[in-house]
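Q:
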């Protein structure tokens, strides 16, 4: 039955989307350390993360278009909040590779490192820096930033005032 098969596929996609939403909605910051290839679902994964670092050998490809499908677990929805829309459209429509230097320049990566070891050591040190801060302040900062992406300045200022009045 074509209809039941289509519904089953939709249910599978929705479950997969939930897996990536959990990363984005985590109360703690999620940091991605990328070395080598970051293709398809891996781009969905890192676009759900809060901070992204890469090694010089890292590259990225929204490859789904090359295999006849639409990226369906978050890349197309999250990446426009990270990199310029025109670049995101180009990457999504061509499936081309974007290498680490371009990813850094576009804002996809926060920094690039010479090798995997340097990448991991630096990323762990950044995570430790975050952990040295107040957990409530870190969680609140993440919540306020995410809220501000979808709301105007006035509403966002009201939200942060409410947040701090409850948390301070």
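In the numbering used here, the protein residues as written are 193 to 360.
All C-beta atoms in this analysis are idealised placements derived from N, C-alpha and C, irrespective of residue type, glycine included.
Express the C-alpha separation of residue 325 and residue 343 in angstroms, rounding to a whole number.
A: For this step, residue 343 is matched to residue 151 along the chain shown. For this step, residue 325 is matched to residue 133 along the chain shown. Straight-line Cα distance between these residues: approximately 26 Å.
Q: What are the boundary residues of the alpha helix (DSSP H) that residue 340 is part of?
A: The residue you call residue 340 lines up with position 148 of the chain shown. Unbroken alpha helix (DSSP H) run through residue 340: 327-341.
Q: Taking the Cβ atom as the reference point for each residue, do residue 311 and residue 247 lie within a distance shorter than 8 Å?
A: Position 119 of the chain shown, counting from 1, holds the residue named residue 311. Position 55 of the chain shown, counting from 1, holds the residue named residue 247. Going by C-beta atoms, residue 311 is nearer than 8 Å to residue 247.
Q: Which full runs of the beta strand (DSSP E) of 3+ residues lie inside the segment 193-273, going along the chain?
A: 223-226, 229-231, 243-247, 251-253
Q: Quick check: residue 283 and residue 244, are their CB atoms within less than 8 Å of each other?
A: Position 91 of the chain shown, counted from the start, is the residue given in the question as residue 283. Position 52 of the chain shown, counted from the start, is the residue given in the question as residue 244. Going by C-beta atoms, residue 283 is not nearer than 8 Å to residue 244.
Q: Comparing alpha-carbon positions, which option in 266, 230, 265 lies nearest residue 253?
A: Residue numbering aside, residue 253 sits at position 61 when the chain shown is read from its first letter. For residue 253, the nearest C-alpha among the options comes from 230.
Q: With respect to the beta strand (DSSP E) encompassing residue 275, which residues constitute its N-terminal and C-terminal limits?
A: Here the question's residue 275 lines up with position 83 in the chain shown. Annotation for residue 275: no beta strand (DSSP E) segment contains it, and DSSP assigns it neither H nor E.
Q: Would you call the segment 221-229 in contact with the segment 256-267, where contact means no fewer than 3 C-beta pairs closer than 8 Å?
A: no
Q: Below 8 Å on the Cβ atoms is my guess for residue 212 versus residue 242; work out the distance and round it to an integer in Å.
A: Counting from one through the chain shown, the residue named residue 212 turns up at place 20. Counting from one through the chain shown, the residue named residue 242 turns up at place 50. Contact doesn't hold; Cβ gap of about 13 Å is too wide.
Q: Going by DSSP, what residues sit across from residue 351 in a beta bridge?
A: Within the chain shown, residue 351 is the residue found at index 159, counting from 1. In the DSSP output, where bridge partners are listed per residue, residue 351 has none listed.
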